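Notes follow the structure.
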Amino acid sequence: MAIGSTVCKAVLQVSDMDRNRYGDHSLTLARHPSETEERMMVRLLAFALNASDALSFGRGLSTDDEPDLWEKDLTGGIALWIDVGLPDEKLVRKACNRSERVVVYAYGGRAAQIWWSQAQPTLERLANLSVYDLPSDFTRKLSEMAGRSMQLQCLIQEGSIWFSNEEGSLSLELGVLKA
12 MAIGSTVCKA VLQVSDMDRN RYGDHSLTLA RHPSETEERM MVRLLAFALN ASDALSFGRG
72 LSTDDEPDLW EKDLTGGIAL WIDVGLPDEK LVRKACNRSE RVVVYAYGGR AAQIWWSQAQ
132 PTLERLANLS VYDLPSDFTR KLSEMAGRSM QLQCLIQEGS IWFSNEEGSL SLELGVLKA
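In this text, residue positions in the sequence shown follow our numbering: the first is 12, and each later residue adds one.
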């Protein structure tokens with residue numbers, strides 16, 4: 012018998028002063044059995060950094076042709092495609108052809124650096140792609156905030172990011188690999 016996904020609920024308050032967007036989001040995340048808490052929380056962070064009413068979670072690990080998050084326009088076209096982790100460069104190119112804008116949040120420390128050094132020559136040419144590097148110490152601490160029920164806040168101001176819950180907070184400066 013297959014193990015089912017773990018359902019996690021999050022109430023996420025986003026104050027994005029850089030984009031002038033503010034809102035409370037009640038989110039349901041399905042965590043695939045092979046997905047780590049770290050990856051799930053990076054998906055949640057990616058949602059906070061791009062929060063909008065139209066942004067939603069994709070089917071994630073179980074599907075190659077869907078992103079971790081996406082935003083569709085009113086015609087059904089993909090306005091924003093977001094992947095977390097170290098996606099295959101062929102899938103990133105395909106995503107760039109299918110959507111207006113693609114964002115990758117790479118994490119994993121040394122593995123992310125190796126991934127970027129190998130993928131950079133190909134991905135550098137894609138005009139609608141942005142790639143950011145999340146420090147591994149940040150993502151490990153972020154995973155400690157994971158739970159089945161979460162109350163989280165994210166404040167974004169002048170490129171600095173503060174992510175917090177009732178037990179503590181973390182700060183981050185996104186590493187830009189490609190803007």
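Cβ atoms here follow ideal geometry from the backbone N, Cα and C, with glycine treated the same way.
All values reported here derive from a predicted model rather than from experimental measurement.
Non-local C-beta neighbours of A65 in its own chain, meaning closer than 6 Å and more than five positions away in sequence, comprise E82, ordered along the chain. Taking the CA atoms as reference points, T86 sits about 16 Å from R112.
When the alpha-carbon of N139 is set against those of E178, Q24, N108, W127, the nearest one is in N108.
Per the coordinates, the alpha-carbon of P98 lies some 17 Å from the alpha-carbon of H43. Pairing D76 with I93, the inter-Cα distance amounts to about 12 Å. Within the model, the alpha-carbon separation for L56 versus G88 is close to 24 Å. Around the beta carbon of T150, 16 or more other beta carbons lie within 10 angstroms, which makes this residue buried. The three-state reading of DSSP puts A59 in helix, counting H, G and I together.
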